[in-house]
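Be aware that the sequence shown starts at 601, since it is given in the numbering used here, and climbs by one per residue.
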Amino acid sequence: MDWLIIIGTIVALAGLAGLLVSALKVIRARRAGLDEAALKDAVRAAMVLNMGAFALSALGLMMVVVGVILA
């Protein structure tokens, strides 16, 4: 089950990268000095990426745990 641990680690790291990209999008939007409506739209768009990346990261961590249990 080593392959499951390796693939799970890659998936979890991809999710973590997505979380970092989401945070950077929000930081850039705040620094851009947008008005309130535009800032809400930017945060809403980043939230979709944030939730998807969180789900991907959780799935990867579950794969790692299952791989460790089965190893």
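Just so it is clear, CB atoms sit at the ideal spot from N, CA and C, and this is done for glycine as well.
Given the structure is predicted, the values throughout are model-derived calculations rather than measurements.
- Query: Hey, quick one: how far does the alpha helix (DSSP H) through L634 stretch, first residue to last?
  - Reply: That residue, L634, is in no alpha helix (DSSP H); it is neither H nor E in DSSP.
- Can you give the Cα-Cα distance for G633 and L616, rounded to whole angstroms? 27 angstroms
- Message: Suppose you measure from the CA of V621 to the CA of N650; what does that come to, to the nearest Å?
- Response: 8 angstroms
- Measuring CB to CB, does V643 end up less than 8 angstroms from V626? yes
- Query: Going along the chain, which residues of its own chain have a beta-carbon closer than 7 angstroms to the beta-carbon of M663, five neighbours each way excluded?
  - Reply: L604, I607, G608 and V611
- Task: Answer with buried or exposed for L656, where buried requires no fewer than 16 other C-beta atoms within 10 angstroms of its C-beta.
- Result: buried
- Look at the alpha carbon of A660 and the alpha carbon of R630, and state the distance between them as a whole number of angstroms. In the sequence as displayed, the identity of residue 660 is Gly instead of Ala. Answer to the nearest angstrom: the Cα atoms are 30 angstroms apart.
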